[in-house]
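These protein sequences, in sequence, are chains A and B.
Numbering (my numbering) for the first sequence: 7 to 515.
Numbering (my numbering) for the second sequence: 2 to 354.
Reviewing the structure listed below.
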Amino acid sequence: MSVRLEMKNMTKRYGQFLANEGVSIAVGAGEVHAIVGENGAGKTTLMRMLYGMEEPTSGEILLDGKPVSFRGPDDAIRHGVGMVHQHFMLFPDFTVAENIVIGYEPKRGGFFDRAKAMADATALAERYRIPVSPTAVLGECSIGEQQRVEILKVLYQGAEIIILDEPTAVLTPMEVSELLATIRTLAEAGKSILLITHKLQEVMEVADRITVLRGGKVTGAVAAKDTSAEELARLMVGRDLEQLSERTEQRGEPLLVVHQVTMQEKKKKPVLDQVSFAVHHGEIVGIAGVSGNGQSELLQAISGLAAVQSGTIRLKDTDVTNRTVALIRETGLAHIPEDRYFWGAAKEETVAENALMGYHRLPAFSRGIIIQRKWFHHLVAAWIERFAIKTSSAHEKAGNLSGGNLQKLIVAREMGRETPLLLAAEPTRGVDIGAMETIHQALLEKRNKGDGILLVSSELSEILALSDRILVMFEGRIVGELSRAEATEEKISMLMAGGRGDGSTQATA
Amino acid sequence: MEALKQLRNSLLQPLIATAIGLAAGAVFISIVGASITETYQQMWNGAFGSFYFFMSTLARSTPILLIALGLAMAFRAGVFNMGAEGQMVLGALSAALVALYMPGAGVIKLLAALITGIVVGGLWSLLAGVLEAKFKIQLLISTLLFNYIAVLFTSYLVSDPFQDKSGSAALAQTAMLEKSVWLPKLFPGMTLHAGFVIAIVAAVGLFLLFRFTSFGYEVKMLGSNPFFALYGGVSQKRVMLISMFVSGGFAGLAGTVEVLGAQYRFVDGALTMPGYAWTGLMAALLANSNPIGVIFASIFLAALQTGAMGVERNTEVPLELASVIQAVLILFISARFTYAWWKKRKQGRESHA
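Shown next as structure tokens:
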């Protein structure tokens, strides 16, 4: 296996801060090389330097033995280095084929040659065994398919080295295994893959070699066959991870009772169909399901962000069906939203102002109509400390925080309300292992105090680790309930896919 | 340090837009065939050349400032109130009628007139807000069309039922207000009246409201990310309705102080012809809806107009010079918004890299 790309002693300094310090990696042809590390470990900086988006402070990049320095993404692509971004850069109104050839369109007589684009895209997809339908409009494709389009686009542009930035973050379990298979296919075809991720199971499954970064430095460079997920975690975090403690059942009175709730637009299929369940004091109820099966709508209905057409929602014996968000929050609900940028924060405003949401009318932090920001700042400082939120100050723009740190801020804000019920949607999406541990511990503490938590997550491992009971949603309905003892990944996966959970795969719809 | 940097950033773009506006004015001047430096010298003199001219500029800035403050409130909340003109004339006429026909002492009438002007302007604006809340009629359209109703209705009222028939010429205007309800002049022999003080106090008040109150916080968050505000329990409807009332109230007050402090009667067209409402809109945009910035933007835009009058008095260059500079300013301010939007998008894409 010949070395195709080498980065030697890469260092990047921002002022006093060393984002990368003497990082070296080498990637061969046909190799899948994973770069793992927590958020802020320097993975992104390293890739940005490779991709010509950042100037290295020192260090050398060798491509096929020759020193190179790219002036930007276009230049990198010309040298056969392509990147699949976490957030796709595609045009939803164009077809799959058009998206694949964009920027390098086949032309005939100066005009776009649509037929050739279609043929090229189809040939490319077949060659690498990546299933897409070239004529489909991209916006109507699933996230997994959009990602495959993104990969094909990079291949079309002639990439030999493909960087995949957190590619599985947005995928369903099924799509993840398809993607991992695609990655293997590409490697067998001789492509070099740089896989940036913090999901260790996937790394163990697909990577040949693994470089671990912590605090900008390489803490381990190992072959996958010589290591284990536990060792990688230790290298990433710098210590052993605590196991979540076993717990005793302590289920109390019903706290949230959802009864036969239906949400439906006129003449359309209901997005919530006669949903009934309860969350009791002192339990975590997990909702598993492939995203888009009604989980978002359920959370919006409970929190007052969307109206339901029939059924009732009772919180602490108060009917809160279709009431205002403010009233429901006052009754006893806090909410970690699934999309932190859409619902959870105002990126342009400061950390302090983002933290204040929901507290700004509490008597404890205001005198009349005047908000007492000084009183509040102590609380925010405590949150920053407890959750180790990395920010230069409370006056930093929230948009400047990394995704994981912003998430920690949101979790701190919502936990801080100390409400009896907490809706936690994807509470650890995009956060690093250390933060995930903190957040999971905090959720468990809340449960042990006797509060109820409704947990929605697309990470089965998270659902399994935290939940006392697990409900599975499929096409707007609850299709199964499993206790902590009886739940296994297989049973849940089966229900998630519309099977009955007893081994049969027949759809219940 | 951070605050200074922010200040510099927020000042830089309006200053660039202004410089380009003045450059475009220079082109206009040279096409007319006059000397650029002399014309701008005359313009400066017309606006700030003497204490009298300076006070006239401040007087002209008063209604602009009040309207701009109301719009700053609306824009911050993400509400598009384009109806300042109608709100202004309705407020002004109602105030004039109260001042004319209400019995009582002068001071009482003056206060009643001021309050009436605010309330009528506010209610007219609120009506558009209610239509949006109840029937989803877009504010941008309803407020714009409401201007025609209000302007033509007031025009009718002063052309017939409330027309001053005492004079020889049948002008469309109300009778003259008695002296006891006039807003006092700040300096004898100058045009500047107490309305300017009211406007400055209002600007500071609005600044404090944005900065320190829970309502100000809700307005800011709604303007910044409405979904975040909704999620946090902010009632968008409530903030929208309050913002509509307040911004309409400010517009009504703008018309009212013009009537009580400058014209002493409601004259058809006297508020709409100088384009106070639209200049106020520009001032709010130029200052990026910052209440303190709005003070300076309003004085600057008023100075362009009074300066251009000075230019017309003393040179061959016509009054339209001010319009040219303003038009280019608008162009570049809107370009600034597009640029900010574009940059945000680009950043958004890059931050994922």
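Cβ coordinates follow ideal geometry from the N, Cα and C atoms, glycine included.
Pair within 9 Å by beta-carbon distance, residue i and residue j
i	j	result
A/E166	A/V74	no
A/P343	A/I416	yes
A/E146	A/R120	no
A/L161	A/L200	no
B/T117	B/V99	yes
A/S282	A/G317	yes
B/F229	A/G226	no
B/G249	B/S62	no
A/T425	A/A312	no
A/V437	A/K414	yes
B/K221	A/E359	yes
A/L261	A/L488	no
A/I319	A/L460	no
A/L69	A/H85	yes
B/T75	B/M245	First, the residue type needs correcting, since residue 75 of chain B is Ala and not Thr in the sequence shown. Contact flag set, yes.
B/L140	B/A255	no
A/I169	B/T214	no
Within chain D, the residues that residue i reaches when beta carbons sit closer than 7 Å
i	result
A/P343	Of the protein chains in this structure, namely A and B, none is chain D.
Residues of its chain near residue i, where Cβ-Cβ distance is below 7 Å and the 5 sequence neighbours each way are ignored
i	result
B/A18	L330, F333, I334, R337
A/T51	K18, A25, N26, E60
A/H384	none
A/M502	A294, G295, V296, V478, F480
B/V182	A100, G107, K110, L111, A114, L261
B/M103	K110, A113
B/F29	L322, V325
B/L193	M56, L59, A60, K186, L187
A/K205	T174
A/T268	P276, L278, D279, Q280, V314, Q315, S316, G317
Residues sharing a beta bridge with residue i, DSSP
i	result
A/R220	A/K223
A/K452	For A/K452, which the question treats as bridged, DSSP gives no partner whatsoever.
A/Y20	A/F23
A/P260	A/H286
A/K72	A/L69
A/R114	A/F117
A/H265	A/T318
Candidates the options: closest to residue i by CA position
i	options	result
A/D325	A/V264, A/P369, A/A25, A/G298	A/V264
A/I106	A/M16, A/L158, A/R215, A/I469	A/L158
A/E303	A/G109, A/A294, A/V314	A/V314
A/V9	A/V33, A/T17, A/G28, A/V29	A/V33
A/K452	A/H383, A/I290, A/Q270, A/I377	A/I290
A/A239	A/Q256, A/T217, A/G295	A/T217
B/V318	B/A20, B/M44, B/L207	B/M44
A/S463	A/F118, A/Y110, A/P179, A/G43	A/P179
A/M421	A/D474, A/G440, A/G364	A/G364
B/G224	B/V80, B/T38, B/Q14, B/A27	B/V80
Contacts around residue i, its chain only, beta-carbon distance under 8 Å, and the 5 residues preceding and following it disregarded
i	result
B/H353	Legend: pLDDT at B/H353 = 41, less than 50; position of this residue unreliable, no value from coordinates given.
B/S1	One cannot answer for residue 1 of chain B here, as it falls past the ends of chain B, which runs 2 to 354.
A/R19	A25, T63
A/W381	A370, F371
A/F100	I108, V143, L144
A/A213	V38, H39, A40, L201, A230
A/R114	K122
A/T97	In the sequence as presented, Thr is not what sits at residue 97 of chain A; that position holds Phe. E104, N105, I108, L144, listed in sequence order.
Cβ separation of residue i and residue j, assumed to be a contact under 8 Å, to the nearest whole Å
i	j	result
A/G222	A/A82	No, A/G222 and A/A82 are not in contact; Cβ-Cβ is about 22 Å, not under 8 Å.
B/I293	B/A176	Contact flag wrong, Cβ pair sits at about 39 Å.
A/G482	A/V285	Actually they are not in contact, since the Cβ atoms of A/G482 and A/V285 sit about 19 Å apart, beyond 8 Å.
B/V90	B/T273	7 Å
B/G105	B/G308	About 41 Å; that fails the 8 Å criterion.
Residues near residue i by beta carbon distance below 6 Å, same chain, minus five either side
i	result
A/E495	L466
A/T434	M442, I445
A/E354	none
B/G50	none
B/A284	I65, A69, V295, A298, S299, L302
B/N148	G84, E86, G87
A/L241	V218, T225, G226
A/N411	I395, K396
A/G300	V277, L278, M479, G482
Closer than 8 Å: residue i CB and nearest the ligand ZN heavy atom
i	result
B/V260	What this structure holds is no ligand at all, so the ligand ZN is not there to describe.
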